[in-house]
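Residue numbers (this note's numbering): -11 to 176.
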């Protein structure tokens, strides 16, 4: 029996690297759910996202479905973030502001229209400023909803920009680029 235990430990040590063995016994890993591209996902952050997902979807979802959906969302978000950084895509505040103004429910809202019936940016800016001032009240969820809308608009703009880059990049092959370069450099 003793010999079997020794052989099992030797096989385990052969398969697992020393780093994996030390990580297994490391207490800092207890608070993490997983790791994506070297970035640790904390248990508290992940459980808060699962609870938010369950409250948005309702009672129709099981715990396992919620965890899987949130994990897939976090995974795609982190991987997409890496791709955006590698592509050099940056969405600025002006882009987000322009994107928000183009939302039909905001653009056509009566509270943002002037006397002529057109969208008034000053009324809109005043509304957002008042939201921010009233955010000090803990019972006010309007500001947190507004910030979530901004994050959503930013994510949509980033995905749109990245998709456009990929779409235009797929149209031409390397050979076509070389041929175009040679044709442009060759004089008859």
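Don't be surprised by glycine CBs; every beta carbon is placed ideally from N, CA and C. Fair warning: this is a prediction, and the values are worked out from it, not measured in the lab.
Using C-beta distances below 7 Å, list every residue in its chain close to residue i, excluding the 5 sequence neighbours before and after it, in chain order.
i: residue 78; result: none
i: residue 49; result: 42
i: residue 22; result: 29
i: residue 72; result: 146, 150
i: residue 27; result: 66
i: residue 19; result: 30, 31
For a quick check, are the C-beta atoms of residue i and residue j less than 7 Å apart?
i: residue 38; j: residue 58; result: yes
i: residue 83; j: residue -3; result: no
i: residue 119; j: residue 134; result: yes
DSSP beta-bridge partners for residue i?
i: residue 30; result: 20
i: residue 101; result: 107
Which of the three DSSP states is assigned to residue i in this structure?
i: residue 48; result: coil
i: residue 79; result: coil
i: residue 93; result: helix
i: residue 174; result: coil
i: residue 161; result: coil
i: residue 129; result: coil
i: residue 25; result: coil
CB-CB under 8 Å to residue i, same chain, minus the five flanking residues each way: which ones, in chain order?
i: residue 111; result: 99, 100, 101, 102
i: residue 68; result: 146, 147, 150
i: residue 156; result: none
Counting beta carbon pairs with one atom in the region 130 to 147 and one in the region 74 to 94, are three or more of them shorter than 8 Å?
yes
Counting pairs of Cβ atoms below 8 Å between the region 63 to 76 and the region 99 to 109, do you hit three or more?
no
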